[in-house]
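Visitor: One structure coming up, written as C-alpha cells, with questions to follow.
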Amino acid sequence: MKSDSGSNTLKYVSLVTLTVQNALLGLSMRYARTREGDMFLSSTAVLMSEVVKLGTCLSIVYIQTGGLRQLFDTLRDIIIRQPVDTFKICVPSLLYIIQNNLLYVSASHLDAATYQVSEK
17 MKSDSGSNTL KYVSLVTLTV QNALLGLSMR YARTREGDMF LSSTAVLMSE VVKLGTCLSI
77 VYIQTGGLRQ LFDTLRDIII RQPVDTFKIC VPSLLYIIQN NLLYVSASHL DAATYQVSEK
C-alpha cells in the first residue's frame with residue numbers, strides 16, 4: 017500500500033512540475049522575444065539549449081559507466097558502430113530543431129494566451 021501512495025505522489029508532483037515548467041517556458045520565451053532592447057537570435061537559443069542537454073546526457077552516461085574511457089567506449093558502441101540507428105535518430109532531431117526555431121518565431125508574433133494555446 018505504501019508504494020502505491022508514493023507512486024501516486026510522484027505522478028502528481030511530476031504532473032505539476034511539468035505543467036509549471038511548460039507554462040514558464042512559454043511565458044519566458046514570449047517575454048524574451050518581445051522586450052525592448054537588443055534581440056538574440058532564436059537559433060542561438062536553440063543551439064545553447066541543445067548544448068546544455070548534451071552536457072547533461074554526457075554527464076549521466078559518465079556517471080553510469082564509471083569513467084571517461086567507458087564513456088567513450090559507450091559512445092563509440094552506440095553512435096559509431098550503429099550508423100543506421102544513429103541516422104534514425106538524426107531525422108527526428110532535425111525536425112525538433114526546426115520546431116524549436118519556429119516556437120521562437122511564434123513567440124515573437126503571437127500574444128501570450130494564443131501562444132500557450134497553439135504551442136502544443
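Note that the working numbering has the sequence shown beginning at 17, numbered continuously upward.
We put the CB at the ideal spot given by N, CA and C, even for glycine.
(1) State whether the stretch 29-41 contacts the stretch 105-117, with contact taken as three or more CB pairs (one from each stretch) at a distance under 8 Å.
(2) Is the beta carbon of Leu70 less than 8 Å from the beta carbon of Val77?
(3) From what residue to what residue does the alpha helix (DSSP H) around Asn85 run?
(4) How would you call Ala123, buried or exposed, if buried means at least 16 neighbouring beta carbons within 10 angstroms?
(5) Just to check my reading of the structure: Tyr112 and Arg49 have Cβ atoms closer than 8 Å, yes? What is that Cβ distance to the nearest angstrom?
(6) Quick one: Cα of Gly53 to Cα of Val36, how far?
(7) Just to confirm my understanding: we take Met17, look at its own chain, exclude 5 residues before and 5 after, and list those with CB closer than 7 Å. What are they?
(8) Can you tell me where the alpha helix (DSSP H) with Glu66 in it begins and where it stops?
(9) In this structure, does DSSP put Gln98 in helix, strand or coil?
Guide: Well, looking at it:
(1) no
(2) Along the sequence shown, one-based indexing puts residue 70 at 54. Along the sequence shown, one-based indexing puts residue 77 at 61. Taking a C-beta distance under 8 Å as the contact criterion, Leu70 and Val77 do not qualify as a contact pair.
(3) Taking the sequence shown and counting its residues from 1, one reaches residue 85 at position 69. Reading off the sequence, residue 85 comes out as Arg, not Asn. Looking at the DSSP string, the run of the alpha helix (DSSP H) that includes Arg85 is Leu84 to Leu91.
(4) By one-based count along the sequence shown, residue 123 stands at place 107. So Ala123 counts as buried.
(5) Taking the sequence shown and counting its residues from 1, one reaches residue 112 at position 96. Taking the sequence shown and counting its residues from 1, one reaches residue 49 at position 33. Rounded to the nearest angstrom, the Cβ distance from Tyr112 to Arg49 is 19 Å, too far for a contact under 8 Å.
(6) Counting from 1 along the sequence shown, the entry for residue 53 is found at position 37. Counting from 1 along the sequence shown, the entry for residue 36 is found at position 20. Roughly 27 Å between the two C-alpha positions.
(7) The residue labelled residue 17 in the question sits at position 1 within the sequence shown. Only weak support exists for where Met17 lies, its pLDDT of 45 falling under 50; the coordinates are left without a value.
(8) In the sequence shown, residue 66 corresponds to position 50, counting from 1. Here the alpha helix (DSSP H) through Glu66 covers Ser58 to Thr81.
(9) Here residue 98 corresponds to residue number 82 of the sequence shown, with the count starting at 1. Note: Gln98 maps to coil in three-state DSSP.
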